[in-house]
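S.K.: Every position in the sequence shown, counted from 1, becomes a number in the working numbering once 173 is added.
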Amino acid sequence: MTASTHAPIQTKLIDGKERYYEPAPQGIDVEAFRQVVTSRRSVRKFTAKPIPKEVVDDCLDLAMLAPCSSGLQPWEFYVVRSSGKKAKLVKACMSQWAAKSAAELIVCVARTDRVNEFSKKMMRDWPMPEVPPLVKRYYQMIPYNYMPGPLNSFARVKKAAISVGGIFTPLPRGPFTEDEVKLWAAKSAALACENLVLAFRAHGYDTCMMEGYDEARVSKLLNLPDGAFPIMVVAAGERAEDGVFWPQVRFERELFVHEV
Ligand SMILES: Cc1cc2nc3c(=O)[nH]c(=O)nc-3n(C[C@H](O)[C@H](O)[C@H](O)COP(=O)(O)O)c2cc1C
Numbered sequence: 174m175t176a177s178t179h180a181p182i183q184t185k186l187i188d189g190k191e192r193y194y195e196p197a198p199q200g201i202d203v204e205a206f207r208q209v210v211t212s213r214r215s216v217r218k219f220t221a222k223p224i225p226k227e228v229v230d231d232c233l234d235l236a237m238l239a240p241c242s243s244g245l246q247p248w249e250f251y252v253v254r255s256s257g258k259k260a261k262l263v264k265a266c267m268s269q270w271a272a273k274s275a276a277e278l279i280v281c282v283a284r285t286d287r288v289n290e291f292s293k294k295m296m297r298d299w300p301m302p303e304v305p306p307l308v309k310r311y312y313q314m315i316p317y318n319y320m321p322g323p324l325n326s327f328a329r330v331k332k333a334a335i336s337v338g339g340i341f342t343p344l345p346r347g348p349f350t351e352d353e354v355k356l357w358a359a360k361s362a363a364l365a366c367e368n369l370v371l372a373f374r375a376h377g378y379d380t381c382m383m384e385g386y387d388e389a390r391v392s393k394l395l396n397l398p399d400g401a402f403p404i405m406v407v408a409a410g411e412r413a414e415d416g417v418f419w420p421q422v423r424f425e426r427e428l429f430v431h432e433v
């Protein structure tokens with residue numbers, strides 16, 4: 174197993190205190206970024222060209238740099254390589270065009286069952302010489318916050334307490350119930366999926382995110398434990414000439430952007 178990674182520690186005297194210092198890089202080519210974003214399309218037909226392993230690995234590494242709630246990385250990626258499993262996965266994806274022709278099929282799984290383990294790991298792998306006491310306390314509390322209890326019993330108690338306390342002061346209203354905790358994990362995992370597809374595009378390959386699959390069959394195929402659920406299957410490969418079926422449509426901006 175590889176070790177946890179973090180950026181090198183640089184410090185600087187700021188306002189009379191030695192602080193961690195990570196300056197914002199400037200001069201990034203926004204047009205190159207725009208090209209990656211605007212040229213990404215959902216591709217439903219790929220050529221037979223394989224994607225080099227180092228490209229897949231780089232895309233996965235970039236995916237896992239996505240922001241994640243409390244830094245807990247509630248995601249997993251299964252690169253389905255065995256031909257038997259791949260055939261079953263294609264079938265579980267209802268034999269969609271994108272799945273059938275993809276060079277790679279990657280199942281992104283969200284996990285709610287590693288909160289406790291990863292909170293402890295965060296404390297062990299903390300990137301600075303000392304864990305600030307507030308941070309320590311935060312990670313000690315997280316597992317209790319995300320524990321719905323049998324039939325959401327703990328969640329119900331927490332919700333009742335918060336709805337009273339919340340009258341007087343702003344308080345987080347979740348995630349407490351099992352569904353809320355699943356949504357919590359899915360949010361971060363979906364961000365990693367977006368990084369993944371943009372990374373493939375930057376490498377010259379294309380993707381199709383798919384939620385059109387039989388979740389029970391995919392979970393069984395990957396032998397997922399309780400607390401782990403697939404949120405997307407990402408098909409990837411080289412775009413076929415007729416791989417994009419129609420021009421991209423986005424509705425009027427005013428329907429979505431509000432200045433309040
Ligand atoms: C969560 C999610 C699930 C999707 N599921 C499927 C799918 O099962 N099959 C498919 O062909 N496309 C799927 N798509 C692709 C969308 O149809 C596509 O993103 C949308 O039509 C916009 O087109 P564009 O991606 O080319 O901009 C999915 C996209 C997302 C974000």
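All residues carry an ideal CB built from backbone N, CA and C; glycine is no exception. Please read these numbers as outputs of a predicted model, since none were measured by experiment.
Using a threshold of 8 Å, state whether the C-beta atoms of residue 184 and residue 195 are closer than that.
M.R.: Locating residue 184 in the sequence shown gives position 11, counting from the first residue. Locating residue 195 in the sequence shown gives position 22, counting from the first residue. No, the pair does not count as a contact, with Cβ atoms beyond the cut-off.
S.K.: Express the C-alpha separation of residue 189 and residue 258 in angstroms, rounding to a whole number.
M.R.: One-based indexing of the sequence shown puts residue 258 at position 85. One-based indexing of the sequence shown puts residue 189 at position 16. Going by the C-alpha atoms only, they are around 59 Å apart.
S.K.: Check whether the segment 321-330 touches the segment 341-358, taking contact to mean three or more Cβ pairs, one atom from each stretch, closer than 8 Å.
M.R.: Between the segment 321-330 and the segment 341-358, the count of C-beta pairs closer than 8 Å reaches three or more; the two stretches touch.
S.K.: Would you mind working out which of 241, 247 and 276 sits nearest residue 260, comparing C-alpha positions?
M.R.: On the sequence shown, residue 260 is found 87 positions in, with the first residue counted as 1. Comparing Cα positions, the closest option is 276.
S.K.: Verify the CB distance criterion: does residue 353 have a CB-CB separation below 8 Å to chain B?
M.R.: The structure shown contains no chain B, having only a single protein chain.
S.K.: May I have the straight-line CA-CA distance separating residue 372 from residue 378, to the nearest angstrom?
M.R.: Within the sequence shown, numbered from 1, the residue matching residue 372 stands at position 199. Within the sequence shown, numbered from 1, the residue matching residue 378 stands at position 205. The straight-line gap from Cα to Cα measures roughly 9 Å.
S.K.: Determine, using beta carbons only, whether residue 273 and residue 410 come nearer to each other than 8 Å.
M.R.: In the sequence shown, counting from the first residue as 1, residue 273 sits at position 100. In the sequence shown, counting from the first residue as 1, residue 410 sits at position 237. No.
S.K.: With DSSP as the reference, please indicate the residues paired to residue 403 in a beta bridge.
M.R.: As a position in the sequence shown, residue 403 is number 230, starting the count at 1. Residue 403 is bridged by DSSP to 282.
S.K.: Measure the C-alpha to C-alpha separation of residue 308 and residue 255 and round it to an integer number of angstroms.
M.R.: Counting from 1 along the sequence shown, the entry for residue 308 is found at position 135. Counting from 1 along the sequence shown, the entry for residue 255 is found at position 82. When rounded, the distance between both Cα atoms is 42 Å.
S.K.: Is residue 270 near residue 218, with beta carbons less than 8 Å apart?
M.R.: In the sequence shown, residue 270 corresponds to position 97, counting from 1. In the sequence shown, residue 218 corresponds to position 45, counting from 1. The beta carbons of residue 270 and residue 218 sit closer together than 8 Å.
S.K.: Tell whether a beta-carbon distance below 8 Å holds between residue 363 and residue 404.
M.R.: Taking the first residue of the sequence shown as position 1, residue 363 is located at position 190. Taking the first residue of the sequence shown as position 1, residue 404 is located at position 231. Contact: yes.
S.K.: Taking Cβ to Cβ, would you say residue 366 is nearer than 8 Å to residue 391?
M.R.: Mapped onto the sequence shown, residue 366 falls at position 193. Mapped onto the sequence shown, residue 391 falls at position 218. Contact: no.
S.K.: How many angstroms separate the CA atom of residue 282 from the CA atom of residue 416?
M.R.: Against the sequence shown, residue 282 aligns to sequence position 109. Against the sequence shown, residue 416 aligns to sequence position 243. If you take the alpha carbons of residue 282 and residue 416, they lie about 26 Å apart.
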